[in-house]
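Taking it in order: structure first as structure tokens, then the write-up.
Residue numbers (the working numbering): 25 to 284.
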């Protein structure tokens, strides 16, 4: 627990745990102020407090000028897709941008939900037209984020989550310095190897290449704002950490709102 006061307890109860009577006016005012601050913090979850500015020495709410752009990266097999599926299933309020790719669709994947699967020719056409926010070549295939969907969501004041590789995250940070970068890491390289092997979607050569790439990606952790470790069998804990990051960023007195 983050504090010892339970719901319904008086903040100024006596040593016996029971309030000795009505608190003095000064203490009552302090308690009212604390409770008001708590209610304001709860409203922050729903983004009722969309931003603040300093005026005449006081903080006041201002309309949102854009949503918060969060980027989730991590090596293949670390659990990014499982984490996002859990966030969606829980109804966590974000716009989940769908990445475009030229790689073959896996049996469990749904076009337009997990990825937008396109041909190399279509991908190159969109990239040449500037329709991709970022793009990269990863494991022999092209990946990119359609710019229009992200721009529309941010303009509507929605928080956006991008699931992209380290190359793409670097591009997004350069284009949108306000972006919040989250790195999802395995507890160990051996744990990552086991997860990849269990997926059964890569042959021995692909597995070796992905593990080499993972080593390079893990070396980039310091360039991210947050590190979340997805321990084996503890996905729920990683999900809660990502949610906490997004909520904390939304509750900044001056949130890092992104506009494209």
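Cβ atoms here follow ideal geometry from the backbone N, Cα and C, with glycine treated the same way.
A quick note: this is a predicted structure, and the numbers were derived from the prediction, not measured.
CA-CA distance, residue 252 and residue 215? Rounded to whole angstroms, residue 252 to residue 215 spans 15 angstroms at the Cα level.
Distance, residue 203 Cα to residue 84 Cα: Residue confidence is low: residue 84 scores 31 on pLDDT, short of 50, so the model does not pin down where it sits. No coordinate-derived value is stated.
Quick check: the region 242–249 against the region 191–210, are at least 3 beta-carbon pairs closer than 8 angstroms? With three or more CB-CB distances shorter than 8 angstroms, the region 191–210 counts as touching the region 242–249.
How is the alpha helix (DSSP H) around residue 264 delimited, first residue to last? Unbroken alpha helix (DSSP H) run through residue 264: 259–274.
Local conformation of residue 189 per DSSP, three classes: In this structure, residue 189 counts as coil in the three-state DSSP scheme.
Mind checking who residue 124 pairs with in its DSSP beta bridge? Looking at the DSSP assignment, residue 124 forms a beta bridge with 140, 168.
Identify, in the order they occur along the chain, each residue of the same chain with its Cβ nearer than 6 angstroms to the Cβ of residue 249, setting aside the five sequence neighbours on each side. Answer for residue 249: 204, 205, listed in chain order.
Examine the Cβ distances between the region 156–174 and the region 119–130 and report whether three or more of them are shorter than 8 angstroms. Taking 8 angstroms as the limit for Cβ pairs, the verdict is that the region 119–130 does touch the region 156–174.
Tell me which residues share the same chain as residue 283 and place their Cβ nearer than 8 angstroms to its Cβ, disregarding the 5 neighbours each side in the sequence. Only 89, 90, 178, 179 meet the Cβ criterion.
For residue 281, the residue or residues it bridges with in DSSP: Beta-bridge analysis with DSSP links residue 281 to 92.
For residue 28, three-class secondary structure by DSSP: Low per-residue confidence applies at residue 28: pLDDT is 34, beneath 50, and the placement is therefore not dependable, though the value from the model is reported in the following sentence. Coil.
Going by Cα to Cα distance, which pick from 272, 266, 183 is closest to residue 106? Out of 272, 266, 183, the CA that lies nearest to the CA of residue 106 is found in 266.
So does the region 189–204 actually touch the region 93–102, counting three or more Cβ pairs closer than 8 angstroms? In short, these stretches touch, since the Cβ pair count reaches three.
Pull the bridge partners of residue 161 from the DSSP assignment, please. According to DSSP, which records beta bridges pairwise, residue 161 is partnered with 166.
For residue 253, the first and last residue of its enclosing beta strand (DSSP E): Run containing residue 253: 250–253, per the beta strand (DSSP E) assignment.
In this structure, what does DSSP give as the bridge partners for residue 206? Residue 206 is bridged to 96, 250.
Identify whether residue 227 lies in helix, strand or coil by the three-state DSSP scheme. Here residue 227 carries a coil assignment [DSSP, helix/strand/coil].
By alpha-carbon positions, which one of 184, 125, 146, 162 ends up nearest to residue 273? When the alpha-carbon of residue 273 is set against those of 184, 125, 146, 162, the nearest one is in 184.
Between 128, 148, 254, which lies nearest to residue 226 when the distance is taken from Cα to Cα? It is 128.
Cβ-Cβ distance between residue 195 and residue 155 below 7 angstroms: Taking 7 angstroms as the Cβ cut-off, residue 195 and residue 155 do not qualify as a contacting pair.
Roughly how many angstroms separate the alpha carbons of residue 233 and residue 217, rounded to a whole number? For the pair residue 233 and residue 217, the Cα-to-Cα distance works out to about 11 angstroms.
Proximity of residue 166 and residue 123 at Cβ, strictly below 7 angstroms: No, these two residues do not count as a Cβ contact at 7 angstroms.
To the nearest angstrom, how far is it from the Cα of residue 101 to the Cα of residue 181? The alpha-carbon of residue 101 is positioned some 32 angstroms away from that of residue 181.
Where residue 184 sits in the DSSP three-state scheme: DSSP places residue 184 in strand when its eight states are reduced to three.
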